[in-house]
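Read through the structure below, which is laid out as structure tokens, and then see the notes.
Encoded structure:
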């Protein structure tokens, strides 16, 4: 093969790749933002449309523990649950930054996982969920770029930003589910995914603390203060016995005390743990009826405190 | 450094360009430094372990060559014992101690408490110790001259494309290539890049996607249904193949771009007609290592039936142990050995019973898949729990959840379909429908573009390790 022929072929391949990348990327972007239900619909709704006075932030424990209609009714407010499975504090911070671009919620309830500040063995892969918003929401770029040193280069590819999403985009565009704005964001848990022992185990030994996550936590507090939102940090019930000196809880509580942010810890609440496994769906999550009970308890406490 | 990472792409481009830009005289040095950097990217301290192995075997090679009679054997023994000691310290010490402690509890009232060591296993240790051992053995056998240049010998053990997961090369094949002057060959570069592209596809699009479901099921095997477990076992069968073969293709391709030819390590193993045939197609260089350095010295097949059975079982148990210090790997090897013995006895005593080609392929595939249960399980109990549930559990749900998980299954099945189709075409229609090797330029280019698009769109970029790195 001649040298010039080789480089000519490389040039053609690269040119076509760029064209296809931009072409398919544009189509995927168009149909992605047409999704109004399911996980993607919920995320887009909270980022671009939601105007609820109260929003719930956090991981799967937030998504499945806070029954927004119950909270709305007791607190006489509009409430949307923006919790998301497999996400941690960086996602909550990114979401909050995007929400604040449009409006300031009156109340933010942040569900804190008892191990939230510990090093995550999966790294920051979870943040890939924010890639579709990368170009339209510059405020989250610094968070997404934390995924890897070369993330900013990778995001030049439109295909990369919609990685693993084509089938979801197709399914969700032909699905007849209710739109995210017609629901309250709360996702009830119904199906068992793991065996639960009769008595709660002791939480496995903690991993090292990741100072960058603490920084995110502090940034959430700072943002809420600057934007005038009332922020409440809540640790919802978990089917584990937590040691008294759990680092995440200790650190979060001391930060909240310093910043005068309410810190409500229900993780070991007897109302849930003493009933054994029947109130839980798995070790980390309440079932639907327990979530209603917990939301009622929390809302009453918030109302009384207010 | 992981092949499936962005830093590797940059590393590969920089090293390749520098390699061709540099004078032939200094290329070995560039490759050696690049290989050190490649390895140090993971755990820098373990370069010292590699340096130790290289120094011992380099010296042993020269001493073996320059001595006669029993002294040669002594130095060979010393080299092998040194390599096995390094392997034993890092890989087998804790396994041995744990079993010793447990065993002592069976005979006394209290278990012994020999302490385990908190040592991380250097990545790919089994691969480079085996490659190093093959050098001293070949020098001893007179098949290879002892290498006098320390840097070249170091490069033979450390050559970055095959440093951490093979192919395990023989010195006669690799060392002379370091002395050859490789001119820029655009055909070679093109063909190497295509191998790499297909390797990336196998790893990030198929293997890592399948791995998500496999991990999900194996993590909580005791709550999953029969269908979910069977699906996970078959998915793992394809995951480990695409993971390892994908790595090998990237290794072979990246070496080819620089003009080096590495040994083909896979040859459509899941289309094997028997377990014996499977091992001629799977991890070929490891199989050949065990054949030449363990099986043949034990007597091979030209012995009595009982000795043959013994030889086979020894080789496969050792092969299992090579993979990992866990009873699961030993059982994995044992089952492979037993299946081979079973096939041998059938051929010897019931030669009239002949099954069709397709039945043989399917039964071999099922036997291999069954063995992978042990390979994937964390412990023997987990493996038997899975087997028990496969044969007793009744519920049929595959997975719960919304589109995220259903689309995962669909991506996985599409990936398997691509691999099976490609393998079947290559096996039964050799030379036909080879898209990447098509005589038509537009077909080759379209295939390359298509593969890159598919990798970007459907690849899993979570930086997951290659399964065989742990060995």
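Protein chains in written order, with this note's numbering: chain V, 5 to 310; chain X, 420 to 890.
Cβ atoms here follow ideal geometry from the backbone N, Cα and C, with glycine treated the same way.
Reduced DSSP category for residue i - H, G, I as helix; E, B as strand; rest coil
{"i": "residue 220(V)", "result": "helix"}
{"i": "residue 83(V)", "result": "strand"}
{"i": "residue 194(V)", "result": "coil"}
{"i": "residue 205(V)", "result": "strand"}
{"i": "residue 314(V)", "result": "One cannot answer for residue 314(V) here, as it falls past the ends of chain V, which runs 5 to 310."}
{"i": "residue 39(V)", "result": "coil"}
{"i": "residue 457(X)", "result": "helix"}
{"i": "residue 150(V)", "result": "helix"}
{"i": "residue 678(X)", "result": "coil"}
{"i": "residue 517(X)", "result": "helix"}
{"i": "residue 138(V)", "result": "coil"}
{"i": "residue 89(V)", "result": "coil"}
{"i": "residue 420(X)", "result": "coil"}
{"i": "residue 881(X)", "result": "coil"}
{"i": "residue 697(X)", "result": "helix"}
{"i": "residue 641(X)", "result": "helix"}
{"i": "residue 927(X)", "result": "In the structure as shown, chain X starts at 420 and stops at 890, and residue 927(X) therefore has no counterpart that could be examined."}
{"i": "residue 953(X)", "result": "Summary: the structure shown does not reach residue 953(X), with chain X confined to residues 420 through 890, and so no result is reported for it."}
{"i": "residue 862(X)", "result": "helix"}
{"i": "residue 524(X)", "result": "helix"}
{"i": "residue 55(V)", "result": "coil"}
{"i": "residue 441(X)", "result": "coil"}
{"i": "residue 691(X)", "result": "coil"}
{"i": "residue 820(X)", "result": "Confidence at residue 820(X) is low in this model, with a pLDDT of 47, below 50, so the placement of that residue should be treated as unreliable; the coordinate-derived value is given next. Coil."}
{"i": "residue 71(V)", "result": "coil"}
{"i": "residue 311(V)", "result": "Because chain V here runs from 5 to 310, residue 311(V) falls outside it and cannot be looked at."}
{"i": "residue 308(V)", "result": "helix"}
{"i": "residue 559(X)", "result": "helix"}
Same chain, Cβ closer than 6 Å to residue i, neighbours up to 5 away in sequence not counted
{"i": "residue 760(X)", "result": "728, 731"}
{"i": "residue 772(X)", "result": "none"}
{"i": "residue 565(X)", "result": "480, 481, 484, 558"}
{"i": "residue 443(X)", "result": "600"}
{"i": "residue 473(X)", "result": "573, 576"}
{"i": "residue 50(V)", "result": "86"}
{"i": "residue 796(X)", "result": "747, 802"}
{"i": "residue 228(V)", "result": "112, 235"}
{"i": "residue 494(X)", "result": "479, 482, 483"}
Which residues DSSP lists as bridging residue i, in chain order
{"i": "residue 114(V)", "result": "61(V), 237(V)"}
{"i": "residue 122(V)", "result": "213(V)"}
Spatial neighbours of residue i in its chain, beta-carbon cut-off 7 Å, leaving aside the 5 residues before and after
{"i": "residue 612(X)", "result": "672, 676"}
{"i": "residue 71(V)", "result": "190, 295, 296, 299"}
{"i": "residue 431(X)", "result": "673"}
{"i": "residue 429(X)", "result": "none"}
{"i": "residue 97(V)", "result": "147, 220, 223, 224"}
{"i": "residue 6(V)", "result": "none"}
{"i": "residue 653(X)", "result": "788"}
{"i": "residue 511(X)", "result": "744"}
Cβ shell of residue i (< 8 Å), same chain only, five flanking positions each side left out
{"i": "residue 26(V)", "result": "162"}
{"i": "residue 586(X)", "result": "667, 670, 671, 681, 682, 683, 684, 703, 704"}
{"i": "residue 757(X)", "result": "732"}
{"i": "residue 29(V)", "result": "161, 162, 163, 165, 166"}
{"i": "residue 289(V)", "result": "64, 65, 68, 69, 193"}
With a floor of 3 residues, list each beta strand (DSSP E) that falls wholly inside the segment 234 to 285 of chain V, ordered by position along the chain.
Listed in chain order, the complete beta strand (DSSP E) runs (minimum 3 residues) inside the segment 234 to 285 of chain V are 234 to 239, 267 to 269.
Enumerate, from N- to C-terminal direction, the unbroken alpha helix (DSSP H) stretches of 4 or more residues contained entirely within the segment 704 to 736 of chain X.
none
Please list, in chain order, the residues of the segment 275 to 291 of chain V that have any C-beta partner in chain X closer than 7 Å.
none
Starting from the N-terminal side, write out each stretch of the alpha helix (DSSP H) that is 4 residues or longer and does not extend beyond the segment 563 to 615 of chain X.
569 to 577, 590 to 598
Within 8 Å of chain X by C-beta, residues of the segment 5 to 33 of chain V in sequence order
5, 6, 7, 9, 10, 13, 16, 17, 20, 21, 24, 25, 28
Residues of the segment 625 to 651 of chain X in Cβ contact with chain V at a cutoff of 8 Å, in chain order, please.
639, 641, 642
Short-range partners of chain X found in the segment 156 to 167 of chain V, where Cβ spacing is below 8 Å:
157, 158, 161, 163, 164, 166, 167
Using a Cβ cut-off of 7 Å, which residues of the segment 460 to 473 of chain X contact any Cβ in chain V, in chain order?
none
Give, in chain order, every residue of the segment 849 to 865 of chain X whose Cβ lies closer than 7 Å to some Cβ of chain V.
864
Identify each residue in the segment 870 to 882 of chain X for which the Cβ-Cβ distance to at least one residue of chain V is less than 8 Å, and report them in chain order.
871, 872, 875, 876, 877, 878, 879, 880, 881, 882
Chain V contacts made by the segment 653 to 669 of chain X, where a contact means CB separation under 9 Å
none
With 7 Å as the C-beta to C-beta threshold (strictly closer), list the residues of the segment 545 to 559 of chain X near chain V in chain order.
The residues in question: there are none.
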